[in-house]
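In the numbering used here, the protein residues as written are 2 to 476.
C-beta: ideal position from N, C-alpha, C; glycine also.
Data block below; observations after.
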């Protein structure tokens with residue numbers, strides 16, 4: 002399987018059955034081990050308490066302290082287990098989404114690359130060929146002796162076109178299964194030929210059809226209004242006679258369908274008195290291969306490109322028209338964010354625990370909301386800008402986070418934790434200045450905790466703490 006279909010190499014993906022089974026096996030093993038350790042610690046404390054029930058009061062106080070600490074450990078273990086339950090599946094969810102988004106981005110890049118550098122209709126400039134007899138010398142062996150032989154052989158030469166007047170009309174069809182689009186080209190070209198060679202009057206006009214077509218119709222070659230027939234079936238060589246110093250005109254016309262790009266290739270010839278007009282009856286269209294047209298006219302959804310070369314111009318690359326697409330920028334940003342999302346989640350939850358009392362139910366709801374926001378961002382970012390999408394999602398996240406507090410002071414504390422621990426870090430991974438934004442988020446978090454615990458500038462009032470405790474007890 003290619004890396005393109007696998008996504009990011011080595012990253013777990015729960016859409017792969019083998020990885021899903023492996024993850025379930027490991028999770029079950031880890032859960033059983035944790036349960037065994039907790040039960041073993043509880044049994045050990047119970048046995049010690051039973052064996053020392055007749056001992057000195059100091060020893061009983063020691064055992065009671067251990068029992069209290071074990072009870073506190075169990076309560077804390079509930080929250081730790083919940084955070085792990087949210088974190089581990091959240092990591093696999095984020096890694097799966099990262100793989101899917103990476104696969105989607107690569108598919109977009111491949112589609113754009115196919116429209117720009119993939120299949121195409123490439124029209125080669127025709128050639129006027131003639132043959133001459135040229136002398137050459139070779140050696141051979143006769144009766145054991147090396148003999149030099151002078152002979153003649155037929156060699157092909159080509160006559161430069163005296164003028165080219167070309168017009169191609171391009172229409173685009175996008176509703177084609179399995180294809181980004183196809184072009185329908187209506188081609189008409191007039192070529193002027195002048196015989197500037199003495200003693201040569203037999204020529205061949207070689208006018209091949211475009212390369213890469215899927216359908217070719219109405220192909221014909223005319224000389225001065227008279228249609229020419231090829232020498233052989235499927236051959237595009239047309240013989241003609243032209244006396245020295247005379248000129249003639251050939252017209253080539255056809256209708257073709259092919260790849261989502263049309264280009265004209267000079268094939269190494271010098272272009273003289275050349276004019277190519279390409280009319281693209283679709284938008285957006287642009288010129289290909291970096292050969293800038295002399296004129297560009299836009300009329301509604303139609304764009305007309307004109308290339309003019311007056312005297313002996315050499316054009317190395319094929320030039321023509323392709324369907325312009327918006328450049329794909331900032332690839333890999335969402336996959337990187339999703340891979341770092343579990344760390345951001347831990348950062349946010351830690352700020353919430355250090356800022357206000359958190360009940361078991363509130364932690365579960367907050368974690369679910371966080372990963373739901375990331376899931377929404379992953380799919381909304383395919384339609385609109387990722388920064389704008391996260392801004393809209395952040396407003397909803399702040400509105401929901403307000404409900405974590407039982408009073409205004411507690412709700413404001415939850416809002417500050419959410420901004421510093423969740424919104425700014427995610428936004429920092431979406432913008433080019435990630436380091437600056439993440440540093441600002443970290444600094445804001447540290448300042449908030451210092452103000453909250455060291456200086457007491459923003460402490461929950463006893464009434465707020467009582468309301469929060471009552472609410473947590475109800476939850």
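- In this structure, the beta-carbon distance from residue 262 to residue 184 falls below 9 Å.
- The Cβ atoms of residue 276 and residue 310 sit closer than 9 Å to each other.
- When the Cα atoms are used, residue 375 and residue 384 turn out to be separated by approximately 15 Å.
- Proximity to residue 453 across 392, 233, 215, 417 peaks at 417, based on C-alpha coordinates.
- Residue 368 holds the alpha-carbon nearest to the alpha-carbon of residue 345 among 252, 403, 368.
- Residue 427 sits close to residue 342, with the two beta carbons spaced by under 9 Å.
- Residue 129 carries a strand assignment under DSSP once its states are collapsed to helix, strand and coil.
- Taking C-beta separations shorter than 7 Å and ignoring five residues to either side along the sequence, the partners of residue 391 in its chain run 378, 427, 428, 431, following chain order.
- Less than 9 Å separates the beta-carbon of residue 167 from that of residue 278.
- Cβ-Cβ separation between residue 280 and residue 171: approximately 7 Å, consistent with a contact (criterion under 8 Å).
- Contact check for residue 169 against residue 124 passes: the beta carbons are separated by less than 9 Å.
- DSSP places residue 432 outside any beta strand (DSSP E), giving it a letter other than H or E.
- Per DSSP, the continuous beta strand (DSSP E) segment holding residue 187 begins and ends at 183 to 195.
- In the DSSP assignment, residue 403 falls outside any alpha helix (DSSP H) and carries neither an H nor an E.
- Taking 9 Å as the cut-off, the Cβ atoms of residue 191 and residue 252 count as close.
- Taking a cut-off of 8 Å for Cβ pairs, the segment 345 to 358 and the segment 80 to 92 touch, as three or more such pairs fall below it.
- Going by C-alpha positions, residue 208 is about 26 Å away from residue 293.
- Secondary structure of residue 375 (DSSP, three-state): helix.
- Looking at the backbone, the Cα of residue 268 and that of residue 232 are separated by about 23 Å.
- Shown here, residue 298 sits in a strand according to DSSP, grouped into three states.
- Spanning the alpha carbons of residue 364 and residue 357 requires a straight line of approximately 12 Å.
- DSSP lists no bridge partner for residue 120.
- By the C-beta density criterion, residue 147 is exposed, having fewer than 16 other C-beta atoms within 10 angstroms.
- Between the segment 194 to 205 and the segment 151 to 161, the count of Cβ pairs shorter than 8 Å is three or higher; the stretches touch.
- Taking residue 398 as reference, the option from 188, 122, 370 with the minimal CA-CA separation is 370.
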